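Let me begin by presenting the structure, written as structure tokens, before commenting on it.
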Amino acid sequence: MVSAPPSSPVRVRFCPSPTGNPHVGLVRTALFNWAFARHHGGTMVFRIEDTDAARDSEESYKQLLDSMRWLGLDWDEGPETGGPFGPYRQSQRMDIYADVASRLLAAGHAYRCYCTAAELETRREAARAAGRPSGYDGRCRELSAEQTAAFEAEGRSAIVRFRMPGESITFTDLVRGELTFAPENVTDFGIVRANGAPLYTLVNPVDDALMEITHVLRGEDLLSSTPRQIALHRALAAIGVGSGALPAFGHLPYVMGEGNKKLSKRDPQASLNLYRERGFLPQGLLNYLSLLGWSLAEDRDIFTLQEMVAAFDLADVNANPARFDLKKCEAINAVHLREMPVADFAAACAPWLSAPHAPWRPGAFDQAAFDELAPLAQTRLTVLSDITDNVDFLFLDEPVRDEKSWQKAMKPGAAEVLVSARARLTGVAWNAEDLKAAVLAAGEEHGLKLGKAQAPLRVAVTGRTVGLPLFESLEVLGRDRTLARVDAALAELAASA
Ligand code: GLU
Ligand code: ZN
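Sequential numbering from 2 applies to the sequence shown in our numbering.
This is the structure in structure tokens:
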């Protein structure tokens with residue numbers, strides 16, 4: 002299915018709150034907005050919803066910007082970039098919200114509500130017990146001047162509450178189709194706290210209106226706020242805030258995690274930083290995240306961001322929950338790793354080849370030796386951080402000691418195989434092919450196939466039973482270091498015999 006192109010220039014927004022660490026659900030939302038904007042040659046607005054001083058942090062704000070830059074999801078208007086609708090941090094727009102709130106009050110689209118939290122709770126309980134809808138009951142909708150004065154005299158404080166129009170609200174969700182919300186389920190809601198602080202319910206639609214956002218693409222968890230926001234947009238249009246055009250809304254499917262529960266922000270598997278730390282490529286991670294609710298074609302899981310942008314159509318976004326599958330995410334990343342030019346791959350490995358990731362002495366790293374093995378490593382890695390274990394034998398003074406590997410490979414008879422191999426390695430021409438022939442011949446002396454014959458040698462030299470192809474590894478490691486490690490292993494076997 003192909004959607005008709007939007008009639009006005011596309012303006013989308015990505016508007017996270019800077020609380021905690023960025024998570025994959027947030028990245029998926031950013032990606033879909035970005036791809037939609039880029040596909041239509043539109044504008045990507047990046048807005049920071051930092052109106053909750055108690056929860057927002059500067060640290061989290063910086064991380065959001067850094068994450069977006071790492072991912073390569075660029076924005077046309079927003080923090081540090083600026084733009085005609087700025088500022089793009091809501092904490093810097095408080096005077097705008099105060100002004101809009103007072104205009105909504107003056108026009109009768111909002112009113113002061115003096116109900117205390119305890120009173121609201123008591124009435125909610127009663128409504129529930131009677132089987133009635135339990136939203137706000139409209140108690141303060143039509144207060145007389147005397148009632149207001151009496152509440153004020155009591156020293157009550159008031160929130161500002163938006164007056165819903167009392168009719169059902171219908172809109173066509175870009176993902177889910179037509180949706181209707183009955184008035185009893187969408188009651189009047191608070192937009193400004195008693196202390197004057199504006200709430201998400203106000204600032205988000207106000208900024209969407211003022212920033213002339215045409216398409217609101219966001220997670221399904223926000224669907225219940227949409228009828229309220231539509232009503233607020235209509236009121237804003239009536240009082241002349243913004244262009245008066247209602248944005249289209251599209252709600253992206255839930256992302257499910259382990260055990261078919263919604264992936265929560267607090268789920269460790271959801272943290273973007275974890276993927277960065279493990280060495281996912283931005284293009285690999287984004288490729289996978291694009292599949293959470295969208296697909297390029299039924300038989301195509303692997304594609305570039307450019308290909309995604311070229312093909313992206315909201316008509317192809319699926320309303321059904323998507324399941325986050327770490328194994329698939331890793332597999333897709335591995336394909337992207339293999340598709341890099343080897344020089345880019347080697348450069349991408351660099352952070353994992355020095356402190357704090359690398360366990361070897363500073364200065365022990367040898368770029369030429371690494372470059373020789375890089376093409377072999379490239380075909381085996383899932384994530385870049387795997388590189389360290391694959392090449393540490395080259396740069397550590399002594400190989401790591403992995404006890405399980407040692408026990409597995411150094412069975413009775415291992416010493417004899419090592420002795421035979423050592424004898425042949427002493428005189429052989431030092432290249433992978435001849436090394437292989439030498440170890441094959443050493444194994445045959447003991448009636449062993451190559452796989453069994455090379456296991457003790459691999460553990461003696463690299464410390465592990467698994468790793469890069471052994472003979473290429475030995476070739477790069479060199480004869481002296483190889484033989485020294487075989488001798489050390491033989492000495493240890495002799496000592497424990
Ligand atoms: N700041 C809101 C959030 O992070 C944005 C929601 C929206 O897209 O409307 O949940
Ligand atoms: Zn009230």
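For every residue, glycine included, the Cβ atom is placed at its ideal position computed from N, Cα and C.
Since this is a predicted model, take the numbers as computed values, not measurements.
Distance cut-off 8 Å: residue i Cβ against heavy atoms of the ligand GLU
| i | result |
| --- | --- |
| Asn205 | yes |
| Thr30 | yes |
| Leu27 | yes |
| Val46 | no |
| Glu50 | yes |
| Tyr62 | no |
| Arg219 | yes |
| Tyr201 | yes |
Inter-residue Cα distance where the pair is residue i and residue j
| i | j | result |
| --- | --- | --- |
| Leu290 | Ala36 | 12 Å |
| Asn186 | Pro134 | 7 Å |
| Gly444 | Ala496 | 23 Å |
| Gly73 | Pro400 | 38 Å |
| Phe190 | Pro80 | 30 Å |
| Gly26 | Arg14 | 15 Å |
| Pro228 | Ala131 | 25 Å |
| Asp7 | Lys63 | Reading off the sequence shown, one finds Pro at residue 7, where the question assumed Asp. Straight-line Cα distance between these residues: approximately 33 Å. |
| Lys476 | Asp435 | Reading the sequence as shown, one finds Glu at residue 476 and not Lys. Their backbone Cα atoms lie some 10 Å apart in a straight line. |
| Leu275 | Ala410 | 33 Å |
| Asp483 | Arg279 | Note that residue 483 is Thr in the sequence shown, not Asp. Cα to Cα, the separation comes out at about 30 Å. |
| Lys405 | Lys450 | 22 Å |
| Val420 | Val467 | 21 Å |
| Arg314 | Leu286 | Correcting the residue identity first, residue 314 is Asp in this sequence and not Arg. Cα-Cα distance, rounded: 20 Å. |
| Gly21 | Leu385 | 25 Å |
| Val217 | Pro342 | 38 Å |
| Ala320 | Asn205 | 23 Å |
| Asp77 | Asp208 | 16 Å |
| Leu10 | Phe346 | Sequence check: residue 10 is Pro here, not Leu. Going by the C-alpha atoms only, they are around 38 Å apart. |
| Val499 | Leu397 | One cannot answer for residue 499 here, as it falls past the ends of the chain, which runs 2 to 498. |
| Tyr137 | Thr123 | 11 Å |
Residue i (DSSP reduced to helix, strand or coil)
| i | result |
| --- | --- |
| Asp172 | Position check: residue 172 holds Phe in this sequence, whereas Asp was assumed. Here Phe172 sits in strand by DSSP. |
| Ser355 | coil |
| His110 | coil |
| Pro248 | coil |
| Leu282 | coil |
| Lys266 | coil |
| Gly139 | coil |
| Met309 | helix |
| Thr20 | coil |
heavy atom of the ligand ZN below 8 Å from residue i C-beta
| i | result |
| --- | --- |
| Arg125 | no |
| Cys16 | no |
| Cys114 | yes |
| Cys330 | no |
| Tyr137 | yes |
| Arg164 | no |
| Arg140 | yes |
Inset, instruction - Please confirm if the segment 112–124 is in contact with the segment 150–168, defined as three or more CB-CB distances below 8 Å between the two stretches. - result: Result yes; three or more Cβ-Cβ pairs closer than 8 Å.
Legend entry - Sufficient close CB pairs (3 or more, under 8 Å) joining the segment 225–242 to the segment 257–268: Using a C-beta cut-off of 8 Å, the segment 225–242 makes no contact with the segment 257–268, since fewer than three inter-stretch Cβ pairs fall below that distance.
Inset, instruction - Answer yes if the segment 323–343 comes into contact with the segment 37–50, meaning at least three C-beta pairs across the two stretches below 8 Å, and no otherwise. - result: The segment 37–50 vs the segment 323–343: no contact.
Legend entry - Touch test, the segment 240–258 against the segment 202–215, Cβ-Cβ under 8 Å, three pairs minimum: Yes: the two stretches touch, three or more of their Cβ pairs being nearer than 8 Å.
Inset, instruction - Evaluate contact between the segment 303–319 and the segment 51–58, counting only Cβ atoms and requiring at least three cross-stretch pairs below 8 Å. - result: At 8 Å Cβ cutoff, the stretches do not touch.
Legend entry - Complete runs of the alpha helix (DSSP H) confined to the segment 189–249 [at least 4 residues]: Correct list: 201–211, 227–239.
Legend entry - Within the segment 55–101, ranges of the alpha helix (DSSP H) (whole runs, at least 4 residues): Here the runs fully enclosed are 59–72.
Inset, instruction - Decide yes or no for the touch test of the segment 376–391 against the segment 351–368: beta carbon pairs closer than 8 Å, at least 3 of them. - result: Segments in contact, yes.
Inset, instruction - Report yes or no: do the segment 332–341 and the segment 359–370 share at least 3 C-beta pairs separated by less than 8 Å? - result: Contact fails between the segment 332–341 and the segment 359–370, because fewer than three Cβ pairs, one in each stretch, are under 8 Å apart.
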